[in-house]
Each structure stands twice: as C-alpha cells, then as structure tokens.
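Letter by letter, the sequence shown follows residues 0 to 262 in numbering that gives the first Met the number 0.
Below you'll find the structure, written out as structure tokens, and then a few comments.
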Amino acid sequence: MQQQANYLQQLLVSLRTRLLVMCASVGIALEDAGKAMAAGDPGRAASVIENDAAIDALENEIDEMALQLLARTQPVARDLRFVVSALRMVVDLERIGDEAVSMAEQAILMQDKPGFGVISHVREMFYKASEAFDRAVRVFRENNAEEARLMLRGDEEAVQSEVRIIQEIMEGLSDSESSLDPYQAMHIILVARSLTRVWRRSINIAEQVYFINQGESLKHKGDERVEEARLAASKFASVPHESIHGSNVDDDDAPDVEQEGRN
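This is the structure we're talking about:
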C-alpha cells in the first residue's frame, strides 16, 4: 500500500513539474510577442510562431501523463482534483500560447506601420494581461488558494481594458489629424482581443488552483459588473461604421468586441 502511495506521489510530482515547464514556455512566448510588437521585430515574432509547436507537444505530453495517472492509480480527493485540473489548465496554457502566436502575427503584419504605440492603452493592457498570467503561474506554484480567489476580480478589468482600446480607436479614426488608419485599427483590435483572452484564461488557471485546494469551483461566480462591461463593449461595437471617415465597411464584417464567456 505504501509503495503504491509513493508511486502515485511520484507521478503527481512529475505531472506538476511538466505543467510548470509549460507555464514557463508560454510565459516566454507571451513576453517575446510583446517585445516583437513594441519593437516591430519580425524576427522575434517569427520565433514565437516557430516555438509554438513545442508548446503543443507539451500539451499532448501532459494530457497523456494525466490520463495514464488516472488509469493506473485511480486517485481520490485532492489528488483527483489536481489531475482533473491539470487537464483543464493545459488547455488554457495552450490557448494562451496561441494568442501569443496571434499577436506575433499581427506584429509581422504591422512591421511597416508606426506601431501599436499609436493606441496608448495597448501597452498598458499588455502589461496587465502579462501580469495576470505571471500571477496565475505564481498562484499555481505556491498553491495559494486565497490569491487565486482574488484573481477572479480581474475579469471585469480585462473587459473594460478592451473597451478603452476600442474607444480610443474610434476616436482616432474620427480625428482627421490622427495617424491611425483602418488597417492599423483592425490589427490593434485583434491584439486587444488576444490580450483579453490571455487575461481571462489566466484567471481560469487561478480558478483551478482554488478548486484543487478548496474543492469548490469558482467558475461563473464573477462580479455581476462584468456583464455591464460587456454591454458597454457591445455599445461601442454597434456604432455605425459609416460615421467613421465615411467607411464602407459592412456591419457583418465589423469586429465584435463582446467576448464569449470563459470556458
């Protein structure tokens, strides 16, 4: 019996270690994507895209480890919650890596433009989304359930940050003296949406840490004001595009900034 318990703990430690390795890889991708956007560096952006395959491979490896652990040891209580949460967390980590790739692609497409600094709130939102990810990783590493619970409040701020960027874009497009053009605006909106997803998936990771430690799910228990922020985003998105420089963009092609609920 003791030998089996020791075997289970060894497998759990290995699973946790690989998760932390994936966290580190995703963190590097996110950081490099930010640097590529800030500097207009296509080389750094290309490396983010190329390295995404390694993150995908880690996802497959961790999935297999978790399934093998379930089949061989049949864990219960906290150990079972950890394995189930690992299967969920690895999805969020992989998706954050995908968003880093998406931002790197935008950096390449925007390399001949003035840059994302045209919209002042982009840099601020990137910093906050990256900070949310780093905080989620720290919460996981330290098994800090209380800090994980506090992270849930960031959901509202993520949506509001995107709204501010959309608002600034609209103001820039309406200003004849602004250097912002519709091409830039489109790519900046895509970056803002990626940052919102990074932020919210980081909160997902924190939720799993709370579940592991407390046995209680925090999903769908966010502040009701998040819905108000979503409605505000929808309001900005519904402004007729013809009012902005007489644009001929069809409503069906307009980007919708209202986010779907987190998985």
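Yeah, the Cβ is synthetic: ideal placement off N, Cα and C, and Gly gets one too.
query                                                                                                                   : result
Local Cβ density within 10 Å of Tyr209, reported as buried at 16 or more and exposed below that                         : buried
Buried versus exposed, by CB contacts within 10 Å (16 or more), Asn142                                                  : exposed
First through last residue of the alpha helix (DSSP H) which encompasses His78                                          : According to the sequence shown, residue 78 is Asp rather than His. First-last of the alpha helix (DSSP H) with Asp78: 76-108.
From Pro181, Gln166, Gly171, Ala23, residue whose alpha carbon lies closest to that of Val136                           : Ala23
Heavy atom of the ligand NAP within 7 Å of Phe81 beta-carbon                                                            : Judged by which ligands are present, the structure shown has none, so any question about the ligand NAP falls away.
Neighbourhood of Glu104 by C-beta distance below 8 Å, restricted to the same chain and skipping five residues each side : Ala44, Ile48
Distance, Ile168 Cα to Ala65 Cα                                                                                         : 44 Å
Range of the contiguous alpha helix (DSSP H) that encloses Gly153                                                       : 153-173
Separation of Phe132 from Val197, as counted between CA atoms                                                           : 7 Å
Whole-angstrom distance between Leu179 and His120, CA atom to CA atom                                                   : 14 Å
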